[in-house]
Ligand SMILES: O=P(O)(O)OC[C@H]1O[C@H](O)[C@H](O)[C@@H](O)[C@@H]1O
């Protein structure tokens, strides 16, 4: 990757710990909410993204016009151990309540660090703005989940403003033991009005309904629309899912690799009110579509590595609800 020498952000240089360097000249380490450190990635035109070291969590993704594409609650709490409400929390090593750990595992409320020397990833040379983060378990983590791992996360902004997250998880146990985990990119999309949103690509899929004791059902009919609380894990979902925001005339295309399932969640009004870090009416302007591995946990033997990728793009669309040609968006 060509460019000037790595930039060292003043905030990091001033702290006691060794300065954290960023390999991309289009990435900068700055202080964010509550003084927590975040990385700002600057792409072409006005595209940018922000990633907190706390949680390794993307909290912002903006398009050419500087419009925010992800939902971040106005009541989000930037104070450990609370996970940040919005953006793209990483659920690992457990999704939801599928295990004995805290809901969604612990990766979302740990401090990640910048990984200056990640093993090479096949890269698109056109991608200039990226950052590599790493999470390794602490002594305390090993008490609650007794497995040694290296979780590497690369976040990058493509030349057309696409946001991609690549996770590489390696079993580094030295006692010969395999481990298993469930996982999700808990992506909160910003939408204009949830009642005007359709999700395409999940029709006819089987799902586990979290609101009905994880019972299995088959989705009927047309594209998915929203009229009440939804909390479903779609199984063996396609690699592309489209979220069509009729009012904004914008379509999000979610592309996933290595992640068979897709969770769809909107808390609706009652649950919204019950959440301390979520505005009462904010359920109207968000939708979670979460590429995930839930039904079948992933198992890694020592030395094995798993890769799971998410690519988000936002395409302006003049499609009207009901007139979308899914093949155009989904093959794209
Ligand atoms: O409040 P959180 O722990 O962040 O979880 C928020 C939501 O995440 C997922 O989408 C789950 O399927 C939901 O059951 C859960 O309510």
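Numbering (the numbering used here), first residue to last: 45 to 376.
Glycine is no exception: its CB is placed at the ideal position from the N, C-alpha and C atoms.
As the structure is a prediction and not an experimental result, all values here were calculated from the model.
- Per the C-alpha coordinates, the member of 176, 84, 80 and 199 positioned closest to residue 354 is 199.
- Check the Cα spacing between residue 359 and each of 217, 309 and 106: the tightest is with 106.
- Residue state for residue 153 is assigned as helix, using DSSP reduced to three classes.
- About 7 Å separates the beta carbon of residue 238 from that of residue 327, a gap short enough to meet the 8 Å contact definition.
- Between residue 117 and residue 321, the CB-CB gap stays under 9 Å.
- Non-local C-beta neighbours of residue 333 in its own chain, meaning closer than 7 Å and more than five positions away in sequence, comprise 231, 233, 243, 285, 287, 298, 306 and 308, ordered along the chain.
- In this structure the region 211-229 lies against the region 190-197, because at least three pairs of beta carbons, one per stretch, are closer than 8 Å.
- Beta-bridge pairing by DSSP links residue 250 to 262.
- Around the Cβ of residue 136, a 10 Å sphere holds 16 or more other Cβ atoms; the residue is buried.
- Rounded to whole angstroms, residue 157 and residue 226 show a C-alpha spacing of 22 Å.
- When the Cα atoms are used, residue 221 and residue 361 turn out to be separated by approximately 49 Å.
- Put simply, the backbone Cα of residue 174 is about 18 Å away from that of residue 229.
- Take residue 258, set aside five residues on each side of it, and the residues of its chain with a beta-carbon closer than 7 Å to its own are 252, in chain order.
- DSSP, reduced to helix, strand and coil, places residue 313 within a helical segment of the structure shown.
- In the three-state DSSP reduction, residue 75 falls in the strand class (E or B).
- Annotation note: the region 152-193 contains the following uninterrupted alpha helix (DSSP H) runs of length 4 or greater, listed N- to C-terminal: 183-188.
- Between residue 235 and residue 331, the beta carbon gap of about 5 Å places them in contact (Cβ cut-off 8 Å).
- Residue 255 carries a helical assignment under DSSP once its states are collapsed to helix, strand and coil.
- Looking from the CA of residue 291, the closest CA among 149, 241, 95 and 152 belongs to 241.
- Boundaries for residue 319: no beta strand (DSSP E) harbours it, and the DSSP string shows neither H nor E there.
- Excluding residues up to 5 positions away in sequence, 283, 335 and 354 lie with their Cβ nearer than 6 Å to the Cβ of residue 300 in the same chain.
- Remark: the C-beta of residue 143 is outside contact range of ligand 1, defined as less than 8 Å to any heavy atom.
- Boundaries of the beta strand (DSSP E) around residue 101: 101-106.
- Residue 240 carries a helical assignment under DSSP once its states are collapsed to helix, strand and coil.
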